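Chains as they are written, first to last, in full-length UniProt numbering: chain P, 1 to 594; chain H, 1 to 594.
Step one of this worksheet: look at the structure below.
Protein chains: 2
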Amino acid sequence: MQARVMYDFAAEPGNNELTVNEGEIITITNPNVGGGWLEGKNSKGEQGLVPTDYVEILPNDGKDPFSCGNSVADQAFLDSLSASTAQANSSSANSNNQVGGGSDPWSAWNAPRSGNWDSSDAWGTRTDGAGAQRNSSANNWDTGFGHPQAYQGPVLTPSPWNHGCFPPRSSSLGFMNFIWQAEAGEAGSRASSAVYASTFLMNRFPGFAKPGMEQYLLAKQLAKPKEKIPIIVGDYGPMWVYPTSTFDCVVADPRKGSKMYGLKSYIEYQLTPTNTNRSVNHRYKHFDWLYERLLVKFGSAIPIPSLPDKQVTGRFEEEFIKMRMERLQAWMTRMCRHPVVSESEVFQQFLNFRDEKAGEWKTGKRKAEKDELVGVMIFSTMEPEAPDLDLIEIEQKCDAVGKFTKAMDDGVKELLTVGQEHWKRCTGPLPKEYQKIGKALQSLAAVFSSSGYQGETDLNNAITEAGKTYEEIASLVAEQPKKDLHFLMECNHEYKGFLGCFPDIIGAHKGAIEKVKESDKLVATSKITPQDKQTMVKRVGTMSYALQAEMNHFHSNRIYDYNSVIRLYLEQQVQFYETIAEKLRQALGRFPVM
Amino acid sequence: MQARVMYDFAAEPGNNELTVNEGEIITITNPNVGGGWLEGKNSKGEQGLVPTDYVEILPNDGKDPFSCGNSVADQAFLDSLSASTAQANSSSANSNNQVGGGSDPWSAWNAPRSGNWDSSDAWGTRTDGAGAQRNSSANNWDTGFGHPQAYQGPVLTPSPWNHGCFPPRSSSLGFMNFIWQAEAGEAGSRASSAVYASTFLMNRFPGFAKPGMEQYLLAKQLAKPKEKIPIIVGDYGPMWVYPTSTFDCVVADPRKGSKMYGLKSYIEYQLTPTNTNRSVNHRYKHFDWLYERLLVKFGSAIPIPSLPDKQVTGRFEEEFIKMRMERLQAWMTRMCRHPVVSESEVFQQFLNFRDEKAGEWKTGKRKAEKDELVGVMIFSTMEPEAPDLDLIEIEQKCDAVGKFTKAMDDGVKELLTVGQEHWKRCTGPLPKEYQKIGKALQSLAAVFSSSGYQGETDLNNAITEAGKTYEEIASLVAEQPKKDLHFLMECNHEYKGFLGCFPDIIGAHKGAIEKVKESDKLVATSKITPQDKQTMVKRVGTMSYALQAEMNHFHSNRIYDYNSVIRLYLEQQVQFYETIAEKLRQALGRFPVM
């Protein structure tokens, strides 16, 4: 069996991988070694592992290549997606390729800005999604380890939306993931059309290819699901119901494991929910699976931030593992804090399955993948204990959320950009300069000491010490961002991830509103009854309550997080400047008084 | 009368000057309007003032141009200099042009470094000479006004040694100054030859063209001058005798004056010696005259730092005038502090002449210009009350001074370079970044305020205030260098000026030592007697005592100055960091505790 390489892949040294280049034909020696890898041999006879998604299997006649792992049925499904797209908006369908042209999902809602295309505006992808936060009661954030390259993100991190960077190399989930990625690529072009974005948004969830917005809005009778997500109206308006006891989950102890008799190695993390205190182990790909299930299930109602980037090269570098764990921790804490997500079966099952070998994990996994209460159908589980809303109010609420999240997205990005700049300066040129000042003072003291003149020892010692003090200040300056700016950046990074989910959420709502507006025509042509329309308004009202509940959750978290992180930042900065002042005062005290 | 323009000259707007370009022929309408200016007319008929030194008068036959103000006799003198140069070292004579090839006067003493030619190593010129110091009891340093471009010096200030920058545009002293400049240009190439540098150094003082090193060392009997410069031996070795009462001189009140019925304007400074408290007024050109007289008279024994640069363009800009006054003040204070210089007739006359109109100033000026106790003859006024030194000791002392001053020159330049870099960062990118942080925080607070969520007013106000605090920090950062780095830079700048004088001083000493060493041959051929040689050793011994006395003066000043300026720097830095810490603490205090 032969395959054509679709994307360049650079082997990780010592990891039994095979470097292949786009267009190269390789012979598949083992089509499915598992975990999204196949074993292949190149023309030079070199053998090794290659990601399944990076190649397309060549049929025996050498024509009509289809993607590896992509069955004929799957292909038909993809075709149908394209057809739907074409139906909805022919212009976006025409650009329906993997590399999206305009990457700002906000552009649809914010036309005046859409001309200012900016590569850093590509968000909501897995590369810049999950951030971190430090306000968890049980995490290891306070260790404050560093990662000088961490804030290349907003500008430099490759994103699937950007030319040449697709597909992300993190795929190891086979078909499902492939579909997600294909859809993600499509979303890039989709973003230019609000209509498409709203109407066909749900198509991006493979498990939801059939039950679309129409099904939720127009179903005569929604099946009464066992699952119920209550919404109540509290002092601040609609809100989720918070569980009486909350928990967090400690992500710790990253360990290198191996599979296939040592052929493939990976990192496994220990997860310990604070309520059970019983640990389970998960690989990154399990997190990725969970992320995807949460996105599929709750993504129309709740922002599910992406996981930290799954870096392929340097996967086992200590710094990277620490950084990823820190961000996985933040992601887990964020999920645990959410009253709907944390109580969901899929999430609970992820944290609390008992025995992987006995198949409990796999059973749960399969069950979750069959869940039909996904996409907009999640709203069918919600029964707000509140009066019905009229469409004008629904639209106003939706617009307000769109406006706020867009504005906050801008604000967060502004802070990230300036923070990144500041990080670079504080860890690069600035300490170098203090070091140079320190060295220059010490050099001068050394010269002075060679004068042979009596009675200047005190001065020269003092100048030397002042020089050393500036060298210490250099270190303080270089280390400081890890103590304060790091957390400010991670918090904003995380919020950037959240905010990147809103265009889809708002898109779903706008789509639903649009459908209701269009329904007058359907009533007129007797395709639906006025009662059907009433039902639609009620259901869009449910969506609006969900959006408001989620926004109230979002705001209360935001207020808490920003208060905490800016306080921390200022506290650390005060300490920083005081430490420097104190060191300089000591240096000053060594100078003789003449 | 016609003249060819030798160097580009850009007219100062509103100052009756004429812009001319190199190679242009102008008609001289008034060859001597005074003050180093002539009046000319260009081919377009435009008329205006041009510096005399910038043109060469064309003879009637159009050939053999000679420099304006340079008589046939002067030319002969210049020729004789070239001849002497040729005699001493033919290679340096060959490169005896105005633009020196190697500009590091130290290279002769420090062969291993001479390959590292560096344009910033050109010093001891009028462009980077005088600095400033703040330890004067009666000056206006504490006002701490700024001059962001002041520290372009070490790298960017044009220097006569550099190609294309000669002559400096500051010349307004006519012939004497022209000679000085020509000699300065010559010194550039001279520096490559220690022998030339030492033996013929004194030729650069026009008033000392005849009495050279031989005359001082070999005169049977030195004329007993009325002027006496005592050297005694104190606890720290040889020293000048310090006057019982010292004085400073306040340079203040720069006023625009005009001459030639308003044709030319200039700045006049009020000088008030603290001992007499009677003011005199002097223009920059008078300072320049004084500088030159002091250099001619004391330059072989005492470093006379150059005056601050006389900038032509923007001469009347307030900033520049302030800066120049500050540096003139520093220069005057430095001269007042020197026991030999401050007591000299020429210096006293400069500060204390009574009536310009009655001609007292001009009389004194003429008298000073006729002084024959200049160049190495200054040593004939010195009678050290100390035992004779042997030649080995003399040579060791001289080498030690050479080594120290070279090392300190390097150290000072290192500090100036890093200080300049730091200045730029602190006044440029760093405050901009703090401003951006401040703005980003305020933007975010503005977005948050638009959320419509209740109960976050306190947080948003606190974030806004934190943002404003960072804007205040931006200002603090940008203003700080004027409060501390400025003085550190000026002090080092001034010492760079001092240190730039040492190659000549050491050159004179090495030349004298060389002469004594060569004298054995003269004794052997009976050209001089052994007694003559003894006299030579004694006289070189006197030079050595003078050098040691000067070094002790230098060191005690250096210790005082650096102690003061680094203390000041650290004090200001402590205050700076404490102020920031306090501001941040206040900002922190505004955040609600959750």
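Cβ atoms here follow ideal geometry from the backbone N, Cα and C, with glycine treated the same way.
None of the values given here were measured: they were computed from a predicted structure.
- Neighbourhood of H/P592 in chain P, by CB distance below 8 Å: N563, in chain order.
- Under the Cβ distance rule, P/A581 counts among the residues neighbouring chain H, one pair being separated by less than 7 Å.
- Ranked by Cα distance from P/F448, the options H/R558, H/L217, H/C426 are led by H/R558.
- It is roughly 30 Å from the alpha-carbon of P/S300 to the alpha-carbon of H/A440.
- If you compare the alpha carbons of H/D248, H/C249, H/Y266, H/K483 with that of H/K256, the shortest gap goes to H/Y266.
- Residue-level contact by beta carbon holds for H/H422 and chain P, with a gap shorter than 7 Å.
- At a cut-off of 7 Å between beta-carbon atoms, P/K41 makes no contact with chain H.
- The beta carbon of P/V401 does not come within 7 Å of any beta carbon belonging to chain H, so the residue lies off that interface.
- Within the UniProt domain "PX" (247 to 358) of chain P, no residue places its CB atom closer than 8 Å to a CB of chain H.
- Taking the beta carbon of P/L570 as reference, the chain H residues within 7 Å of it are A466, L584, A587, L588, listed in sequence order.
- Sorting P/T427, P/G402, P/G359 by C-alpha distance to the C-alpha of H/S450 places P/G402 at the top.
- Not a single CB atom of chain P sits nearer than 7 Å to the CB of H/L499.
- If the five residues before and after H/Y434 are omitted, its C-beta is found closer than 8 Å to the C-beta atoms of Y470, E471, I473, A474, V477, all from its own chain and listed in chain order.
- Burial state of P/D390 is exposed, judged by a 10 Å Cβ sphere holding fewer than 16 other Cβ atoms.
- Not a single CB atom of chain P sits nearer than 7 Å to the CB of H/H493.
- Residue-level contact by beta carbon holds for P/I559 and chain H, with a gap shorter than 7 Å.
- At a cut-off of 7 Å between C-beta atoms, H/Q396 does not count as an interface residue with respect to chain P.
- DSSP places P/S443 in the helix class (H, G or I) of the three-state scheme.
- P/F379 and P/H282 have their C-alpha atoms roughly 30 Å apart.
- In the DSSP assignment, H/K41 is bridged to H/T27, H/Q47.
- If the five residues before and after H/E17 are omitted, its C-beta is found closer than 6 Å to the C-beta atoms of A11, G48, L49, all from its own chain and listed in chain order.
- In the pairwise beta carbon analysis, the stretch 420 to 432 of chain P is classified as not touching the stretch 451 to 460 of chain H: fewer than three pairs are separated by under 8 Å.
- Cβ contact annotation for P/V251 (same chain, cutoff 7 Å, sequence separation greater than five): Y269, L271, M325, L328, Q329, M332, in chain order.
- In terms of beta-carbon proximity, H/Q573 lines the interface with chain P, with at least one pair separated by less than 7 Å.
- Pairing P/L351 with P/L38, the inter-Cα distance amounts to about 30 Å.
- Rounded to the nearest whole angstrom, the C-alpha separation of H/Y242 and H/R337 is 9 Å.
- Taking CB atoms only, P/K436 has a neighbour in chain H less than 7 Å away.
- Interface criterion not met: the Cβ of H/S526 is under 7 Å from no Cβ in chain P.
- Under the three-state reduction of DSSP output, H/G419 falls in the helix class.
- The beta-carbon of H/M1 is placed no less than 7 Å from the nearest beta-carbon of chain P.
- Taken in chain order, the complete beta strand (DSSP E) segments of 3 residues or longer contained in the stretch 224 to 268 of chain H are 229 to 234, 237 to 240, 249 to 259.
- Counted as a single uninterrupted DSSP element, the stretch harbouring P/R278 is not any beta strand (DSSP E), since DSSP gives it neither H nor E.
- The C-alpha of H/K468 is placed about 47 Å away from the C-alpha of P/V280.
- Residues of chain H whose Cβ lies closer than 7 Å to the Cβ of P/Q454 are, in chain order, Y236.
- Interface with chain H (7 Å Cβ-Cβ cutoff): P/A407 is included.
- Scanning the stretch 279 to 353 of chain P from its first residue to its last, the whole alpha helix (DSSP H) runs of 4-plus residues come out as 284 to 298, 318 to 337, 345 to 352.
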